[in-house]
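One structure is given below, encoded as structure tokens.
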Amino acid sequence: MTAQTPAEPADSELIKRIEERALFARLETVRLISIAKTGHYASGFSCAEILATLYYGVMRLRRGEPDWPDRDRFVFGKGHAAATLYPLLADWDFFEAAELDEYTRLGNAFGDHPDMTRIPGIDFSSGSLGHALSTGTGMALGGRLQRRPYTTFVLLGDGELHEGQVWEAALGAAHHRLGRLVAIVDRNDHSLDGRIDGVTGIEPLLDKWRAFGWQTHEVDGHDVPALLTLLRSLAQDTGRDRPAVVVANTVKGKGISYMESEFGWHLGWLAEQDEANALAELRGTR
Amino acid sequence: MSVAPGLQPESWHLLSLLEQAPGLQALGDTLADLADEGHPVVVGTADLKYSNGLVRFQDRHPDKYLQFGISEQHMVSTVAGLATTGLRPYVATFASFMALLACEQIRTDVAYTRQPVRLIGHHAGITLGFYGTSHHATEDLAITRSIAGLTVIAPADTAALAAALRASVDHPGPVYFRIGRGRDPDVYPAGTTLEIGKAIEHGTGSDLTLIATGSMVHPALEAAAALTADGYSVGVLDMHTVKPLDETAVLKAARGSRLLMTVEEHNVLGGLGGAVAELITEHGVPVRLHRHGIRDQYSLIGPPTHLYRHYRLDAAGVETEARDLLHAGTR
């Protein structure tokens, strides 16, 4: 496959493929955390469909060419969910999938947060929350200044919106009329210390973005057909002169019953039998 | 730009202030020249284009100029992302807001990712005088020097700034420029060149070498001239690149002089004095070093010239400090 053409209509086969890849990303997340003996299950699970839809149905990428200048960009604001992204980048032949077998081992390139200097296909390093919408803004500005046709996608956590710099970027991107910038908020309603509304409330979220000059959309972040239709339409709307935000309503820990909406699974590790049970539940065999 | 007719010639307003700051004119002009020459330069600031001279760049290259508003952290992260697309961003704001406010963005988004971003902290040190502690930057050398992979340059005057900007165009990795308010007396002729990482030696001194950076090079040279006239053997090193430090030049001075004195418009902790102390100690060179600068305190407010006098950072003050050292060193 060379460049994907987002203009293709969503079809049931593609949707099935994306859903299957989201499951694969979850299974791999469990496997990688098992190697590290600690990691972010729940944050990865809430955005698995979003990542899979972007990488298999929306973004213009070239297999084995992570530095293709006209590729669509992706910045992972909630970089702590990197273990869910790495397997998808391996799928694009940006690196050997076997490299992930050494996940987090001493000197390995793959850690809990993505490192652009060591991992092909990571468009920008992240980890410190609140920077990603700015770095994505820079990529969108660079694309416009050099008349390159790509779209920049930034995936933000809802807890990340507590950081003031996000709103500096929201102001700046709207001021610069960056229509080729799409922010996606993974609204799983939880940050590390518990429910967002109990930590520091962020609602009404769509109104806030709208007031900052953004085009706003809301979607079920686990509904692949809906994600695919919406994100494709935003990528194809090249005449837009406002950045767009998609608030994706998700379930933290989605896919494993006891992890869903249980903030304790933001960070954790499953011992052997529990892991086997979790994998079985994900595969639907339990 | 001129002040409204009818006012006295001495009057000025924000837009005409730049006429008093040749160094900041050179900032905007040199970057515009680099863009003219085809370098992929993009320039931005955080609501300070009249204060730092970048309006002169905007006038010539409006399509390559970015206004960020008062959002320094966002500005630094944004140009880190911008640099990944092949452009060479130069962004400027007050040194206190660049190196202190946006410190983590510099570390995490610019330096750790090795992006060719050029950060310009202007009005560094105590140049903002009575504007107060929030606007003073006497920690920026210590902060930027400790960030891995970041080159730190403090040019002595207008010509050196232009030379440093030119030298930086193809320099690998990120650079922090530390400059003053653009009114430093000339040390070098227009068109001078400068090599990043190589100190400029102004004579050698068996009694004393003054190692100065940025705005302190000119007073150090004047002090050295006065001491030389009195029969002392005094040399001056213009340490325009604070990191990577020119170790060869420092060690040569340390071995060739009885005394060393660093001179910086910065806290003596962690800046040039700290860098020189670390080096000569590691090499076991038996020389006395005196670090001259702000001694671990918040500076007073006042007109800059008065502050320089108070902290012995003008030519007379550097000379006095050096005489004290020479006398103490002979006891």
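Read top to bottom, the protein sequences are chains X and L. Mapping of the first sequence onto my numbering: position 178 corresponds to residue 178, and the numbering continues sequentially without gaps. Mapping of the second sequence onto my numbering: position 31 corresponds to residue 1031, and the numbering continues sequentially without gaps. Glycine included, every Cβ here is placed at the ideal spot set by N, Cα and C. Remember, it's a predicted structure, so these values are computed and weren't measured experimentally.
Query: L:G1023 - containing alpha helix (DSSP H), residue span; Result: 1022-1036
Query: Pair within 9 Å by beta-carbon distance, X:A48 and X:L23; Result: yes
Query: Three-state secondary structure (DSSP) of L:I1120; Result: strand
Query: Residue span of the beta strand (DSSP E) that contains L:E1247, given as start and end; Result: Here L:E1247 belongs to no beta strand (DSSP E); instead the alpha helix (DSSP H) covers 1247-1256.
Query: Residue-level contact to chain X via CB, L:V1076, 9 Å cutoff; Result: yes
Query: CB contact flag (L:Y1050, L:F1057, <9 Å); Result: no
Query: Residue environment, L:D1207, which counts as buried when at least 16 other CB atoms sit within 10 Å; Result: buried
Query: Buried versus exposed, by CB contacts within 10 Å (16 or more), L:V1318; Result: buried
Query: Neighbour list for X:G172 in chain L, Cβ cutoff strictly below 8 Å; Result: F1068, G1069, S1071, H1074, T1078
Query: Boundaries of the beta strand (DSSP E) in which L:K1243 is found, first to last residue; Result: 1241-1243
Query: Test: L:Y950 CB closer than 9 Å to a CB of chain X; Result: Here chain L covers residues 1001 to 1331 and nothing more, so residue 950 of chain L does not appear.
Query: Span separating the alpha-carbon of L:F1097 from that of L:G1173; Result: 21 Å
Query: Residue-chain proximity (X:M59, chain L), Cβ-Cβ < 9 Å; Result: no
Query: Reduced DSSP secondary structure (H/G/I, E/B, other) of X:T15; Result: One point to set straight first is that residue 15 of chain X is Ile, not Thr, in the sequence displayed. Reduced to three states, the DSSP call for X:I15 is helix.
Query: DSSP three-state assignment for X:D220, whether helix, strand or coil; Result: strand
Query: Proximal residues to L:I1143 (C-beta, below 6 Å), its chain only, five neighbours per side dropped; Result: A1099, C1103
Query: Interface positions of the stretch 1046-1061 of chain L facing chain X (Cβ-Cβ less than 8 Å), listed along the chain; Result: none
Query: Exposure of X:W269, with buried meaning 16 or more beta-carbon neighbours within 10 Å; Result: exposed
Query: Status (buried if at least 16 other CB within 10 Å, exposed otherwise) for X:Y86; Result: buried
Query: Same chain, Cβ closer than 7 Å to L:L1026, five either side skipped, listed in chain order; Result: Per the sequence shown, residue 1026 of chain L should be read as Ala rather than Leu. The answer, listed in chain order, is T1158, L1161, A1162.
Query: Cutoff 6 Å; reference X:E102; Cβ partners in own chain excluding five residues on either side; Result: N108
Query: Any 3 or more C-beta pairs closer than 8 Å across the stretch 1109-1129 of chain L and the stretch 1179-1197 of chain L; Result: yes
Query: Residues in the stretch 1094-1118 of chain L having any Cβ partner in chain X nearer than 8 Å; Result: E1104, Q1105, T1108, D1109, Y1112, T1113, R1114
Query: Chain L contact residues for X:F24, given Cβ-Cβ distances below 9 Å; Result: Going along chain L, no residue has its Cβ under 9 Å from X:F24, so there is no contact; the nearest lies around 28 Å.
Query: Exposed unless 16 or more other CB atoms sit within 10 angstroms - verdict on X:G255; Result: buried
Query: Stretch-stretch touch, CB-based, cutoff 8 Å, three pairs: the stretch 269-282 of chain X with the stretch 191-211 of chain X; Result: no
Query: Minimum length 4: unbroken alpha helix (DSSP H) runs contained in the stretch 1186-1231 of chain L; Result: 1217-1229
Query: Opening and closing residue of the alpha helix (DSSP H) in which X:F45 lies; Result: 41-46
Query: Proximity winner among L:T1085, L:D1238, L:L1210, L:Y1188, relative to L:T1228 (alpha-carbon distances); Result: L:L1210
Query: Inter-residue spacing [alpha-carbon to alpha-carbon] between L:G1121 and L:V1268; Result: 19 Å
Query: Contacting positions in the stretch 104-123 of chain X - beta carbon closer than 8 Å to chain L; Result: M116, T117, D123
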